[in-house]
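Worksheet: one structure, shown below.
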Amino acid sequence: MSVLVEGRVAGLAFLSLLAFLISYYTSQIESGVKEKIRTIPAMEAIDEAIGRSVEQGKPALITYGYFDDINPAIMTGLEMVGYVAKVAAEKGCELIIAVGPTRTLNIAIENYRLGCVEAGRPELFNIDNVHYLTHQQFTYLAGMYGLLNEYEPGAYIGIGWFWVDAIHIGTQVKRLGIFGIGGAEKYDAGAWFLLTMDYSAFGAEIYAMGASMSKDTTAIGGIISTDLATCISVAILIVGSILAATGSNILATLMLL
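Quick note on this note's numbering: the sequence shown kicks off at 4 and runs consecutively.
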């Protein structure tokens, strides 16, 4: 009896290739080889956002969404909390943190504290600046409205998991004249941020931002590998289309093995 399931061989081969690429590039980076990730404008704009808040004498506000799950988008948002906390502490800017997911509250608090410590300004850590809202979407949205109107921050940074709440938060940020940076895994939410924010990030761009912040070798290797896998997939699609147009179905047959 064969251990291979008909129709899944091509998928297994592609998965094996992806695993090899991740392993290869991770080991390359760990050995000292410099691998460059494309610069994301929304990432570069964080310094500007914090700087504007300092100039205006206002705090900056950061959130990573409401979804109560430990998924990649939420984890990236939590990394962003630590990174922004460090930048804010270095510039002497007060940071307000809006937390939606219940189970990540303590992680957000700790990342905020570590960011201040890494900046050499542990005294800027203030637990009262962390506001727990809720993982219920529209209740979270109401809480965000309240914080934006109460603090009127110089900058809003929202990177993580958002959905229809993105357009409501974005329009409020725009109405109050707040400098906004938004990024979401979901492309529809990313599109709403594009319309309302000064800088926005789409889909996998937020993971590239996370890898750049954390300097984690596995994350960087994963970003490079998935980009290469995407290029290979597009190449297969183009070659398959050309072959199909000439009457050959050899590639389609191979993909169905």
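Even glycine gets a Cβ: it sits at the ideal position worked out from N, Cα and C.
Where residue i falls: helix, strand or coil (DSSP)
| i | result |
| --- | --- |
| Gly-163 | strand |
| Leu-98 | strand |
| Phe-182 | strand |
| Ala-122 | coil |
Between the CA atoms of residue j and residue i - distance to the nearest angstrom
| i | j | result |
| --- | --- | --- |
| Leu-197 | Gly-250 | 43 Å |
| Glu-82 | Ile-253 | 46 Å |
| Tyr-261 | Lys-89 | The structure shown does not extend to residue 261, since the chain is modelled only from 4 through 260, so no value can be given for it. |
| Lys-61 | Ile-172 | 19 Å |
| Arg-11 | Leu-21 | 15 Å |
| Tyr-210 | Ile-245 | 33 Å |
| Met-212 | Ile-43 | 7 Å |
| Ala-111 | Val-102 | 8 Å |
| Gln-175 | Tyr-148 | 7 Å |
| Asp-72 | Leu-108 | 12 Å |
| Gly-225 | Gly-243 | 26 Å |
| Ile-25 | Gly-14 | 17 Å |
Inter-residue CB distance, residue i and residue j (contact presumed, cutoff 8 Å)
| i | j | result |
| --- | --- | --- |
| Ile-99 | Leu-64 | 4 Å |
| Ile-32 | Ile-223 | 6 Å |
| Gly-193 | Phe-182 | Incorrect: roughly 18 Å between the Cβ atoms, too far for contact. |
| Gly-68 | Gly-163 | 4 Å |
Enclosing beta strand (DSSP E) for residue i [first to last residue]
| i | result |
| --- | --- |
| Tyr-135 | 133-135 |
| Leu-64 | 63-68 |
Boundaries of the alpha helix (DSSP H) in which residue i is found, first to last residue
| i | result |
| --- | --- |
| Leu-1 | An answer regarding residue 1 cannot be provided, because it is not within the stretch 4 to 260 covered by the chain. |
| Val-57 | 44-59 |
| Glu-33 | 12-33 |
Write down every uninterrupted run of the alpha helix (DSSP H) in the segment 191-253 whose length is 4 residues or greater and which is fully enclosed by it, in chain order.
-> 208-217, 220-248
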